[in-house]
Amino acid sequence: MTTSTHAYRAAILHSIADPAKVGIEHSYEYFADGVLLVENGRIKALGHAVDLLPGLAAGVPIEHHPDALITPGFIDSHIHFPQTGMIAAYGEQLLDWLNTYTFPTERQFADKAHAADVAGIFLKELLRNGTTTALVFGSVHKVSVEAFFEAAEALNLRMIAGKVMMDRNAPDYLTDTPASGYADSKALIERWHGKGRLLYAVTPRFAPTSSPEQLSLAGELFRQYPGLYMHTHLSESRQEIDWVKALFPERKGYLDVYDHHGLIGPRAVFAHGVHLCDDECQRLAETGSAVAFCPTSNLFLGSGLFDLEKLEGHGVRVGLGTDVGAGTSFSQLQSLNEAYKVMQLQGKKLDPFKSLYLATLGGARALYLDDKLGNFAAGKEADFVILDYRATPLLTYRLQQATSLAEKLFALIMLGDDRCVQETFAAGQSVHKRDP
Ligand code: GUN
Ligand code: ZN
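Residue 863 in this note's numbering is what sits at position 434 of the sequence shown, and the numbering runs on without skipping anything.
Following this line, the structure appears as structure tokens:
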């Protein structure tokens, strides 16, 4: 193989540890004039320009971005690709929102050509927003996930996805059966799991839409293949929790429904977890399971305020999710903007370096991908974004007033969105370039 090396010179920032564990100062590295060296799709080196530039081999191209910040690509720990076309649907809370908007929209994904169109729009939107890895719900239809993986493979993206399993409490046109859900999921796993950068997630929608028989089979699948994910929803809204209690009176609580069926452990990712009790947090932590904090969705559906400190206090792995289409933005900068407000409403703070961690290395850790992604440690996959400090007149002006990196980063999070994403790279290749 011929060696392909590129150098990117700009301000460079990445997380190296969880601020909750090491303190803010020790949680990141910053190079005001830095160089990121990428070789054959992986990080080769990161350092100050004065140190790295003199040693660069002749002929290595150097791209210089004096008004930009390079960070690792963002990681979205929970999102639904079939809901792209129904983002921003008015007026309902979770269960009515599902029946009114979601199920009729997802019905269209029985058609592979439609699924392929939407997968293209969806991936483009993620990349426009600097998100290079996502844990993605398909629809109940096997073809929806085939279309998604084909589109992600063409761009060489590290993506995790799965076919929804749902065999009850949903319209007939959108249900599978325990046997067909198992067989379709298994076929997708054998075709796609570990192919290139793609990974599979066993995806029961949530406890109310799966029979105990289907949940058992999902648990069986989850144990069958190494490195597989389990992806579902948990304790999002009060009404939903009451429904789960009525459907599973024999179980201790919502999490116990999944636990009982073996749907817990490393690489099990539960979206929301807004109303968890201490015992549930403890169980998530001791099993190495993760929760996706989805602030724009929780606010949009009126589900409640996520208690980040409580979950982290118990040692639960937490990633950041957009949860599009209940979430209202593909942008992790905007998710962090809303996350800050969720914390404020609870009298708590969200430090900008903690925000950076949640959207990058923390997300990678929640997904057990921190050996491959999340920061610029040498050897990791070169997924990164170039963020334009001059994306809008207001951002330009606000950043001129900033006197510290923390202030700059916080303003970027609060004011930034897709307009800031100048270019996105996956495995060292440019996969999105904003119009100048
Ligand atoms: N619970 C079950 N299905 C869904 C979904 O599609 N979105 C959200 N936010 N919650 C769910
Ligand atoms: Zn969701």
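Note that the Cβ used here is the ideal one computed from N, Cα and C, for glycine as well.
Heavy atom of the ligand GUN within 7 angstroms of residue i beta-carbon
i	result
S718	no
L523	yes
H570	no
F538	no
D800	no
L482	no
S640	no
H509	yes
D505	no
S758	no
T531	yes
A811	no
S573	no
R667	no
F722	no
F551	no
R597	no
S726	yes
F677	no
V578	The amino acid at residue 578 is misidentified as Val; the sequence shows Phe. F578: no, Cβ never under 7 angstroms from the ligand GUN.
L527	yes
F876	Residue 876 is absent from the structure shown; the chain starts at 430 and stops at 865.
Assigned secondary structure, residue i (DSSP; H/G/I helix, E/B strand, else coil)
i	result
F735	coil
Q851	strand
S639	coil
Y769	helix
A831	coil
Y461	Here the sequence assigns Ala to residue 461, which means Tyr is not the residue at that position. Strand, per DSSP.
K592	coil
S506	strand
I670	helix
Y797	coil
E679	coil
A518	coil
T529	helix
S645	helix
K624	coil
G610	helix
D496	strand
R597	coil
K615	helix
E665	coil
L466	strand
I472	strand
heavy atom of the ligand ZN below 7 angstroms from residue i C-beta
i	result
A795	no
A807	no
I462	The amino acid at residue 462 is misidentified as Ile; the sequence shows Asp. No; taking the cut-off as 7 angstroms, the Cβ of D462 has no heavy atom of the ligand ZN nearer than that.
F566	yes
H662	yes
A563	no
A700	yes
A518	no
A755	yes
D752	yes
Candidates the options, of which the one nearest residue i by Cα
i	options	result
A811	L485, D496 and L586	L586
N770	L798, L796 and L734	The residue asked about is misnamed: residue 770 is Lys in this sequence, not Asn. For the residues L798, L796 and L734, the minimum Cα distance to K770 belongs to L734.
L415	G648, P641, G748 and S639	There is no way to answer for residue 415, as the model of the chain reaches only from 430 to 865.
Y654	E669, P724 and V631	V631
N804	H435, K473, D864 and Q668	K473
G610	L617, Y602, H622 and M594	M594
V489	V860, I842, Y683 and H435	H435
V686	D864, R652 and E642	E642
D596	P607, M588 and A590	P607
L834	Y459, Y437, S444 and T432	Y459
P633	S645, R626 and H622	S645
I618	I589, E665, T432 and A599	I589
A755	F813, H477, G549 and G520	G520
Y457	R667, L838, G857 and I504	L838
T531	L824, G776, L730 and A612	L730
V574	Y602, D601, H543 and G559	H543
H861	L823, T638, F813 and Y818	F813
T751	S764, E741, E665 and L740	S764
H660	C723, F635 and E767	F635
Cβ separation of residue i and residue j, assumed to be a contact under 8 angstroms, to the nearest whole Å
i	j	result
K541	V572	4 angstroms
L442	V464	That belief does not hold up - the Cβ atoms of L442 and V464 are roughly 13 angstroms apart, past 8 angstroms.
Y658	V720	Not really, about 14 angstroms apart at Cβ, beyond 8 angstroms.
F577	F510	6 angstroms
R557	V850	6 angstroms
R423	A840	No answer is possible for residue 423: it lies beyond the span of the chain, which begins at 430 and ends at 865.
L816	L498	5 angstroms
S506	G792	5 angstroms
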